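Residues 8 to 433 (this note's numbering) make up the sequence shown, in order. Glycine included, every Cβ here is placed at the ideal spot set by N, Cα and C. As the structure is a computational prediction, the values presented were derived from the model and not from experiment. Following: one structure in structure tokens, then a few remarks.
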Amino acid sequence: MSARWKAIGALGLVVSIVVCACSPLNQQAPPERLAVVARTSVAASPTPSPTPTTKAGDLTLARAVDFRALVNETLAAQAIALLRQDEEAFLRPANNADARNGLLRRYRNLTAMRVTGFQLSSGPLEADSGTGQWKSKVYISFCFVVANCTMDGVSEPAVWADTATGPELLALQPAAVSDDWYGDPQPWELSDLHVAVGTRVVVATTAALKNRLPELLREAEKAAQVADEFAIRGKPDLYRVYLADKNEWKTWFGVVMPRWAAGYAKEIGPSHTDVVLNNSSARSQYLADMLRHELTHASTLQGKHHWSGNWWLIEGIAELAAHPVGLGPADWKAETISYVRRSWDRKLPGEDPPDDISDSAAGARYGVAFLAVKRLNDRFGHAKVIDFFERVIEQDLPLSVVSESVFGSPWSEVEADCIGFIRAYR
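Below is the structure:
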């Protein structure tokens, strides 16, 4: 049997830095940042900055302003080069082999994923008087496949040399994991990827697992059709799925998962939630269910949401998508029945299962969440369940208020009916 899977949004293990400067994201960028945007339709060269009044080698505040403008010119040229698939121009700022290799990984991964929106800009520069080098954050915004897609963002610490011929990149690395919602290190920053692109989904993995890409894309495309039916605030423009081997499972997005988890959905921006599957758990016989579950998280949890106390609803709707005909032997049906009979507290579970419980114990809790949302769906219909979910999870309205307005019944009665349904399940 497969280990259960869950979404980071449901865990509350939401992490990262808001970095995208483009207005559709409604994220606040540093006010002093100069944004340089490039899309596939952009053909113009970057606009040059005024001639600096300072010179290379100065470590003054005035030079920081001038050099930042030069860095942004360099980044603008790189953004255009990426979208034009001009590898040589994209790599040109690199000063050494490490910097070049880092840029090359990003170039190859992003072009393989069919990047269609790309933005680079520099944060404020800080001089190192000992080395004469400059440090800054490079803000990267990106999206894939779809024209005019909504961009997400990450930032990367960078080190620059100020030379007579212009800025040279000495070092660039993924940002450290933080406790914010967005901006954690992306798989395309950390690993060399192999990619397959479909109509609604782009899937990626490492060289060791590249032979699984055709199956992964085929099943993900089918799962996307199901997830679209549950979408909140409109369908995502694209789903992104990463298949992780054992090392990548521990590093991508900086996420540390419980032993029993087999996959997760990670919010990376206000409009996108990416999916990561653990290859050791994503065997062929479980892959379709896992993808329906996780992609439904991606369609229902786009950006920040109110997960605390609502675990049963967040996971239950994903389980409803995963198991349209109900729980089977491989879906912890027997374990769910046993748990309900012997140890369930007759409450809809509001928080994640403990990290240290067994696969079957975690699976039984997911079974309870599934049954609760199935009862709502059977009784009130799909459209009302989606409306209920959006108001509770996205708008943070009280269950009592939403139940009356959507279901026309007090929450106490609706909840009691769900609990009765779960207790009677066989």
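Given residue i as reference, the closest of the options once Cα atoms are compared
{"i": "P243", "options": "P265, R115, C156", "result": "C156"}
{"i": "R207", "options": "Y189, P192, K229, N218", "result": "K229"}
{"i": "A119", "options": "V145, L245, Q92", "result": "Q92"}
{"i": "S185", "options": "A341, V263, V210", "result": "V263"}
{"i": "Y293", "options": "A337, N317, V283", "result": "A337"}
{"i": "A227", "options": "S136, F97, D296", "result": "D296"}
{"i": "N218", "options": "A88, A203, A231, G261", "result": "A203"}
{"i": "Y193", "options": "L223, G124, K273", "result": "With the sequence shown as reference, residue 193 is identified as Gln, and Tyr is not the correct amino acid for it. Ranking L223, G124, K273 by Cα distance to Q193 puts K273 first."}
{"i": "A171", "options": "I364, D394, K62", "result": "K62"}
{"i": "L371", "options": "F387, L111, S350", "result": "This sequence places Ala at residue 371; Leu is not what is there. With distances taken between Cα atoms, A371 lies closest to S350."}
{"i": "G310", "options": "L176, V145, R240, G316", "result": "R240"}
{"i": "P361", "options": "L90, R266, T67", "result": "R266"}
{"i": "T258", "options": "V283, W188, R290", "result": "V283"}
{"i": "L298", "options": "A104, Y249, G335, D352", "result": "Y249"}
{"i": "Y271", "options": "D73, D359, T138, S365", "result": "D359"}
{"i": "A289", "options": "T212, G139, D363", "result": "T212"}
{"i": "S416", "options": "R386, D403, L110, L308", "result": "R386"}
{"i": "W434", "options": "L110, S410, D403", "result": "This structure cannot settle anything about residue 434, because the visible part of the chain is limited to 8 through 433."}
{"i": "H389", "options": "P331, A104, W141", "result": "P331"}
{"i": "W141", "options": "D363, R75, D187, L110", "result": "R75"}
{"i": "T307", "options": "L334, V409, A231, L220", "result": "A231"}
{"i": "T138", "options": "G64, L110, D394, L220", "result": "G64"}
{"i": "E236", "options": "D394, E411, S410, R430", "result": "D394"}
Beta-carbon spacing of residue i, residue j below 8 Å
{"i": "A305", "j": "A214", "result": "no"}
{"i": "N285", "j": "A238", "result": "no"}
{"i": "L132", "j": "A84", "result": "no"}
{"i": "S198", "j": "E255", "result": "yes"}
{"i": "L406", "j": "V399", "result": "yes"}
{"i": "R225", "j": "D281", "result": "no"}
{"i": "M158", "j": "G124", "result": "yes"}
{"i": "A154", "j": "N102", "result": "no"}
{"i": "G357", "j": "G316", "result": "yes"}
{"i": "E95", "j": "Y114", "result": "no"}
{"i": "W195", "j": "N116", "result": "yes"}
{"i": "V152", "j": "R121", "result": "yes"}
{"i": "H312", "j": "E401", "result": "yes"}
{"i": "L320", "j": "F396", "result": "yes"}
{"i": "L66", "j": "A134", "result": "yes"}
{"i": "A69", "j": "T60", "result": "yes"}
{"i": "S365", "j": "W339", "result": "no"}
Own chain partners of residue i with C-beta closer than 7 Å, once the 5 adjacent residues on each side are dropped
{"i": "E422", "result": "L355"}
{"i": "A50", "result": "Unreliable placement is indicated for A50, whose pLDDT of 40 sits below 50; no coordinate value is reported for it."}
{"i": "L327", "result": "F377, V380, K381, N384"}
{"i": "C150", "result": "T123, G124, C156, T157, M158, D159"}
{"i": "I275", "result": "D159, Y189, D281"}
{"i": "L216", "result": "L250, D252, N286"}
Same chain only: Cβ atoms within 6 Å of residue i, ignoring 5 sequence neighbours per side
{"i": "V392", "result": "L383, N384"}
{"i": "C425", "result": "A379, R382"}
{"i": "S419", "result": "none"}
{"i": "P38", "result": "In this prediction, P38 has a pLDDT of 24, which is less than 50 and means its spatial position is unreliable; what the coordinates show is noted afterwards. Excluding positions up to five away in sequence, the list is empty."}
{"i": "F97", "result": "Q85, A88, L89, Y114"}
{"i": "R353", "result": "I426"}
{"i": "G205", "result": "L224, E228"}
Any non-hydrogen atom of the ligand ATP closer than 7 Å to residue i Cβ
{"i": "Q292", "result": "You won't find the ligand ATP in this model; it holds no ligand whatsoever."}
Cβ separation of residue i and residue j, assumed to be a contact under 8 Å, to the nearest whole Å
{"i": "S143", "j": "Q126", "result": "Actually they are not in contact, since the Cβ atoms of S143 and Q126 sit about 15 Å apart, beyond 8 Å."}
{"i": "A165", "j": "A183", "result": "In fact, because the Cβ distance is near 14 Å, the residues do not count as touching under 8 Å."}
{"i": "V78", "j": "S129", "result": "5 Å"}
{"i": "P181", "j": "P100", "result": "Actually they are not in contact, since the Cβ atoms of P181 and P100 sit about 18 Å apart, beyond 8 Å."}
{"i": "A325", "j": "T303", "result": "4 Å"}
{"i": "A106", "j": "L200", "result": "No, A106 and L200 are not in contact; Cβ-Cβ is about 20 Å, not under 8 Å."}
{"i": "S291", "j": "E222", "result": "7 Å"}
{"i": "A329", "j": "H300", "result": "4 Å"}
Residues of its chain near residue i, where Cβ-Cβ distance is below 8 Å and the 5 sequence neighbours each way are ignored
{"i": "N33", "result": "With a pLDDT of 30 at N33, under the threshold of 50, the modelled position of this residue cannot be trusted; read the value that follows with caution. Excluding sequence neighbours, N33 sits near P277."}
{"i": "Y432", "result": "T343, I344, V347, L378"}
{"i": "V209", "result": "M120, R121, F151, V152, V202, A203, L245, Y246, R247, V248"}
{"i": "V43", "result": "For V43, the predicted model reports a pLDDT of 35, less than 50, meaning its position is unreliable; a value from the coordinates is still stated below. For V43, where only same-chain residues beyond five positions count, the Cβ hits under 8 Å are P53, N79, L82, A83, A86, Q126, L127, S128."}
Terminal residues of the beta strand (DSSP E) in which residue i lies
{"i": "N285", "result": "279-285"}
{"i": "H389", "result": "It is not in any beta strand (DSSP E) - H389 instead sits in the alpha helix (DSSP H) that spans 389-396."}
{"i": "K144", "result": "141-151"}
{"i": "Q92", "result": "Unbroken run through Q92: none, as it is neither H nor E."}
{"i": "A203", "result": "201-204"}
Unbroken alpha helix (DSSP H) run spanning residue i, endpoints
{"i": "P221", "result": "220-235"}
{"i": "G427", "result": "418-430"}
{"i": "Q292", "result": "291-307"}
{"i": "Y346", "result": "340-349"}
{"i": "Y114", "result": "104-119"}
{"i": "S407", "result": "406-409"}
Residue i at chain B interface by Cβ criterion, 8 Å
{"i": "P361", "result": "Protein chain content of the structure displayed is limited to a single chain, and chain B is not contained in it."}
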